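Q: Here it is: the structure, laid out below.
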Amino acid sequence: MSERVIAITGGHGVLGRAVVEAALADGLKVAIIDHASGQSVPDGVLELGGVDLTDAAAAAKSIDAVASHFGRVDALLNIAGGFVWQTTEDANPAWDRMFALNLTTALNASRSALPHLKRSDDGRIVNVGANGALKSAAGMGAYAASKSGVHRLTESLAEELKSTSVTVNAVLPSILDTDQNRKDMPDADPANWVRPSDLARVMLFLASPGSRAITGALIPVTGRV
């Protein structure tokens, strides 16, 4: 895997940083594409900050920059996204925002990466869905609907690409063990949650040549929740 190049959207977030660390440990060449900018990155990592992935042209420019820098793109990991807990009656609905952050970013990045991924012997797209989108709960409507869209995008694109070497899969985590989630849920037991480093390992397997027999899969990564 040492020659493979992976582009990670949302690479400055908690999960993104875990994936970057694990990818470098595997000897991969890594590019971070993120709306945030100016953050420190490990040596050898290409950082493309200030990128609005909800803009199709900006997404295409960033993916092309990765290919220009490394000479290829073998895998795209769509981690960029957001979360909000909000009831449907809220006066400031977050539906458009959730669909933009979670679905539009994945769509734009995937469409931009496809010409490059098709030139790879084992092109890969790995999306981040949500176990909570399989059956929504109170206050989860906007978030769950947007992540359900990611699930459908994953399945549809996988079918469309079956004549190529590109596979498309998604991981469906439950609750990630992050500082913010521990703060928001002080009475919960984080030992039951999913460590970002563990989710990173699953995503990197799906981004590897060894996962070539898997496409269109929605893989639960739920810890003990």
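Residue numbers (the working numbering): 1 to 225. Using N, Cα and C, we set each Cβ at its ideal position, and we do this for glycine too. Since we're looking at a predicted model, the values are computed, not measured.
As a quick exercise: from 137, 38, 149, 14, pick the residue whose alpha carbon is nearest that of residue 100.
A: Ranking the options by Cα distance to residue 100, first place goes to 149.
Q: Are the beta-carbon atoms belonging to residue 75 and residue 6 less than 8 Å from one another?
A: In contact: residue 75 and residue 6 (Cβ atoms closer than 8 Å).
Q: Give the DSSP bridge partners of residue 219, in chain order.
A: DSSP, once it has assigned bridges, lists 171 as partnering residue 219.
Q: According to DSSP, is residue 147 part of a helix, a strand, or is it coil?
A: Residue state, collapsed to three classes: helix.
Q: Quick one, are the C-beta atoms of residue 20 and residue 11 less than 8 Å apart?
A: In contact: residue 20 and residue 11 (Cβ atoms closer than 8 Å).
Q: Under DSSP, the alpha helix (DSSP H) around residue 105 begins and ends at which residues?
A: Element bounds for residue 105: 105 to 117.
Q: Can you list, in chain order, the residues of its chain whose CB lies under 8 Å from that of residue 25, leaving out five sequence neighbours each side?
A: Same-chain partners within the cutoff: there are none.
Q: Counting pairs of beta carbons, one from the stretch 175 to 188 and one from the stretch 42 to 49, are three or more of them closer than 8 Å?
A: With a cut-off of 8 Å, the stretch 42 to 49 and the stretch 175 to 188 do not count as touching, because too few Cβ pairs lie within range.
Q: In the DSSP assignment, find the unbroken alpha helix (DSSP H) run with residue 201 in it and report its ends.
A: Residue 201 -> alpha helix (DSSP H) spans 196 to 206.
Q: Just to check my reading of the structure: residue 169 and residue 154 have Cβ atoms closer than 8 Å, yes? What is that Cβ distance to the nearest angstrom?
A: Confirmed, about 7 Å.
Q: Pick out whichever of 118, 162, 133, 120 has its Cα sitting closest to the Cα of residue 220.
A: Of the candidates 118, 162, 133, 120, the one whose C-alpha sits nearest the C-alpha of residue 220 is 133.
Q: What are the partner residues of residue 226, as DSSP defines its beta bridges?
A: The structure shown has nothing for residue 226, since the chain only spans 1 to 225.
Q: Would you say the beta carbon of residue 179 comes nearer than 7 Å to a heavy atom of the ligand FMN?
A: Absence of the ligand FMN is noted for the structure shown, with no ligands found whatsoever.
Q: Considering only residues of the same chain and omitting the five flanking positions on each side of residue 218, which have a CB-CB separation below 7 Å?
A: Cβ within range, chain order: 129, 151, 154, 170, 172.
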